[in-house]
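Working notes, beginning with the structure itself.
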Amino acid sequence: MPYDVVVIGGGNAALCAAITAAEAGARVIILEAAPRPYRGGNSRHTRNFRCMHHGPLGPLTDSYSEDEYIADLLKVTGGKTDEALARIAIRGSERALPWMQAHGVHFQPSLSGTLSLGRTNAFFMGGGKALVNAYYRTAEALGVKVLYEAPVAHLSLAGGRIEEVVFEQMGQSHRLRPRSVIVASGGFQADTDWLARAWGPAAKNFLIRGTPYNRGAVLADLIEQGAETVGDPTQCHAVAIDGRAPKFDGGIVTRLDCVPFSIVVNNSAQRFYDEGEDVWPKRYAIWGRLVAAQPGQVAYAIIDSRSLDLFMPSVFPPVSANSIEELAEKLGLPPAELRATVDGFNANCGDTSGFRPTELDGVATNGITPPKTNWARPITEPPFYGYSLRTGVTFTYLGLKVTARAQCSTADGPIENLWAAGETMAGSILGQGYLAGFGMTIGTVFGRIAGKEAAAHAA
Numbered sequence: 048m049p050y051d052v053v054v055i056g057g058g059n060a061a062l063c064a065a066i067t068a069a070e071a072g073a074r075v076i077i078l079e080a081a082p083r084p085y086r087g088g089n090s091r092h093t094r095n096f097r098c099m100h101h102g103p104l105g106p107l108t109d110s111y112s113e114d115e116y117i118a119d120l121l122k123v124t125g126g127k128t129d130e131a132l133a134r135i136a137i138r139g140s141e142r143a144l145p146w147m148q149a150h151g152v153h154f155q156p157s158l159s160g161t162l163s164l165g166r167t168n169a170f171f172m173g174g175g176k177a178l179v180n181a182y183y184r185t186a187e188a189l190g191v192k193v194l195y196e197a198p199v200a201h202l203s204l205a206g207g208r209i210e211e212v213v214f215e216q217m218g219q220s221h222r223l224r225p226r227s228v229i230v231a232s233g234g235f236q237a238d239t240d241w242l243a244r245a246w247g248p249a250a251k252n253f254l255i256r257g258t259p260y261n262r263g264a265v266l267a268d269l270i271e272q273g274a275e276t277v278g279d280p281t282q283c284h285a286v287a288i289d290g291r292a293p294k295f296d297g298g299i300v301t302r303l304d305c306v307p308f309s310i311v312v313n314n315s316a317q318r319f320y321d322e323g324e325d326v327w328p329k330r331y332a333i334w335g336r337l338v339a340a341q342p343g344q345v346a347y348a349i350i351d352s353r354s355l356d357l358f359m360p361s362v363f364p365p366v367s368a369n370s371i372e373e374l375a376e377k378l379g380l381p382p383a384e385l386r387a388t389v390d391g392f393n394a395n396c397g398d399t400s401g402f403r404p405t406e407l408d409g410v411a412t413n414g415i416t417p418p419k420t421n422w423a424r425p426i427t428e429p430p431f432y433g434y435s436l437r438t439g440v441t442f443t444y445l446g447l448k449v450t451a452r453a454q455c456s457t458a459d460g461p462i463e464n465l466w467a468a469g470e471t472m473a474g475s476i477l478g479q480g481y482l483a484g485f486g487m488t489i490g491t492v493f494g495r496i497a498g499k500e501a502a503a504h505a506a
């Protein structure tokens, strides 16, 4: 059977594109590199998406304006964003939420803890796996064909259009000649050799939070053929995760949210950054890069018993001890140095009566470098707890440059029948940093745009 639209990838962006194209009347096939139990890419591990809204919407409270949303984004990216594309994603998010509900996604109230996202982020009931499964059911009901364990090996680009899609399945090579192609196959983070070429040897110590199937093969193939790219290969969505997480696919449960209530030290037991700089959803994504810059790409978060229940727990229990020295021994840190760091921090904590764990409270240190500008309470109440931190890469920002219509191009002009959505093109919007839930926003909005445009072209 000939297909009008080939969608490469099987996560949120790919599914939104496939559903939209199928509803427009196109014959659609999805080529997913992963086996069926692992379908869905990084979207399996998500929990929420960030949504603009005027007044309460679904599970969201109050309102979250376009101007506040863009200000939050510009703050975390340091202004390194394509604001026009970012505003398309932001504006589209408000329309996306009811669309998601109409296509099988259910929402729940925001999770408790330090995330405090009830106004800005809509949480999926059942998490990302439930969202992915709902979309697959919807897509298949619309007649979308899905092939698993079908990695794309080559897109034949000639004369300003994709002539052929070559993919592998069951040891055999197959070829399709669709009218339209949508690339939604993620970044290159699971190719650790590529990461090391970009970052240097330190990248070999990084952990990959998501799917091991996002190796950037289609991205590399298109780059080699002259597709225009955007983004820095050393920029990525990288967070501090539990150092005991697996090399691949540890997911959201390995993320550590304890940093604002801790001191974070390197393997010499020295602090190196302000742990209380901002509320966690706006700053958590900087900590992957901070840890990456430390010796051995490892750090340690130290808290006391008062802070243990203030954050979302990791899947792994913390290391515990009745003294700072004992904790240092268990973590492999120099005991005298950790004791000196903790004592120095404690001595520079001031009045803590205004401590408020869910908002910026101004409870800060005095006369210490680096400072801690919020939530600075002495670490004095045993037992003491420690977590090892490693850099966990979610997705990379080097990607395909797209227009407002999600269309790709070469230096010679637009590629007539090629669109991109999701992590494959997120670098068009994210130059650096990350805002909680924004990856799902980009994937949902631009997936729908790509699906609409690809179907219209095919027709």
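Straight run, no breaks: the sequence shown in my numbering ends on number 506.
Just so it is clear, CB atoms sit at the ideal spot from N, CA and C, and this is done for glycine as well.
Counting only the same chain and skipping the five closest in sequence on each side, list residues whose C-beta sits under 8 angstroms from that of residue i.
i	result
Glu-275	Leu-447, Lys-448, Cys-455, Ser-456, Thr-457 and Ala-458
Val-389	Ile-310, Ile-349, Ile-371 and Ile-426
Thr-184	First, the amino acid is wrong: residue 184 is Arg here, not Thr. Gly-151.
Asn-261	Gly-88, Asn-89, Ser-232, Gly-233, Gly-234, Phe-235, Gln-236, Ala-237, Phe-442 and Glu-470
Gly-298	Arg-91, His-92, Arg-256 and Gly-257
Asn-59	Gly-87, Gly-88, Ser-90, Thr-93, Gly-175, Leu-178, Val-179, Tyr-182, Gly-469, Met-487, Gly-490, Thr-491 and Gly-494
Gly-102	Asp-109 and Ser-110
Gly-343	Asn-252 and Asn-314
Glu-187	Val-193
Ile-270	Thr-276
Please identify the residue among the options whose C-alpha is closest to the C-alpha of residue i.
i	options	result
Ala-287	Tyr-481, Gly-87 and Thr-67	Tyr-481
Gly-174	Gln-216, Gly-87, Gly-273 and Gly-474	Gly-87
Arg-224	Ala-69, Asn-413, Tyr-444 and Val-53	Val-53
Val-277	Gly-218, Ile-66 and Thr-450	Thr-450
Gly-263	Ala-69, Tyr-444 and Asn-464	Tyr-444
Arg-318	Asp-296, Phe-392 and Pro-280	Phe-392
Leu-337	Ser-367, Val-306 and Asp-351	Val-306
Leu-194	Glu-406, Ala-346, Ala-394 and Val-75	Val-75
Ala-467	Leu-266, Val-312 and Pro-404	Leu-266
Asp-279	Gly-439, Ala-245 and Ala-186	Ala-245
Leu-189	Ala-64, Ala-387 and Val-230	Ala-64
Lys-294	Val-230, Arg-226 and Leu-254	Leu-254
Arg-353	Asp-289, Leu-465, Glu-428 and Trp-327	Glu-428
Asn-421	Asp-398, Val-191 and Val-199	Asp-398
Ile-77	Gly-498, Leu-144, Pro-248 and Ile-462	Gly-498
CB-CB under 6 angstroms to residue i, same chain, minus the five flanking residues each way: which ones, in chain order?
i	result
Thr-488	Phe-96, Arg-97, Ala-136 and Ser-140
Phe-485	Arg-97
Ala-346	Val-311, Asn-313, Val-338 and Leu-436
Cys-283	Val-440, Thr-443 and Tyr-444
Gly-56	Ala-231 and Ser-232
Met-472	Gly-446, Leu-447 and Val-449
When burial is assigned at 16 or more other CB atoms within 10 Å of the CB, is residue i buried or exposed?
i	result
Met-147	buried
Tyr-50	buried
Glu-79	buried
Pro-365	buried
Gly-126	exposed
Thr-161	Since pLDDT at Thr-161 reaches only 44, below the 50 mark, its modelled position is unreliable, and no value is offered.
Pro-106	buried
Ser-112	exposed
Ser-435	buried
Gln-219	exposed
Ser-157	buried
Asp-356	exposed
Asn-168	buried
Asn-369	exposed
Using a Cβ-Cβ cut-off of 7 angstroms (strictly less than) and excluding sequence neighbours within five positions of residue i, which residues of its own chain qualify?
i	result
Arg-452	Ile-496 and Glu-500
Val-362	Val-300 and Thr-301
Thr-128	Leu-120, Leu-121, Ile-476, Leu-477 and Gly-478
Ala-423	Gly-323, Cys-396, Val-410, Ala-411 and Thr-412
Gln-216	Leu-194, Glu-196 and Ala-197
Ala-250	Thr-239, Leu-242 and Ala-243
Gln-155	Pro-106, Phe-170 and Met-172
Thr-124	Leu-477, Gly-478, Gln-479 and Gly-480
Bridge partners of residue i, per DSSP?
i	result
Leu-355	Its beta-bridge partners do not exist; DSSP assigns none.
Gln-155	Phe-170
Ser-203	Glu-211
Ile-55	Leu-78 and Val-230
Arg-222	Val-213
Trp-466	Ile-229 and Gln-454
Leu-178	None, per the DSSP bridge assignment.
Ala-193	In the sequence as presented, Ala is not what sits at residue 193; that position holds Val. Val-193 pairs with Ile-77.
Ser-435	Tyr-347
Asn-95	Phe-170
Thr-412	Cys-396
Say yes only if the C-beta of residue i is nearer than 8 angstroms to one or more non-hydrogen atoms of the ligand MG, and no if none qualify.
i	result
His-221	Inclusion of the ligand MG in the displayed structure is not the case, the ligand content being empty and no account of it being possible.
- [ ] At 3 residues or longer, and completely inside the stretch 238-315: list those beta strand (DSSP E) runs for me, N to C.
- [x] 283-289 and 310-312
Task: Secondary structure, beta strand (DSSP E): runs of 3+ residues fully inside the stretch 366-398 - done: 366-368
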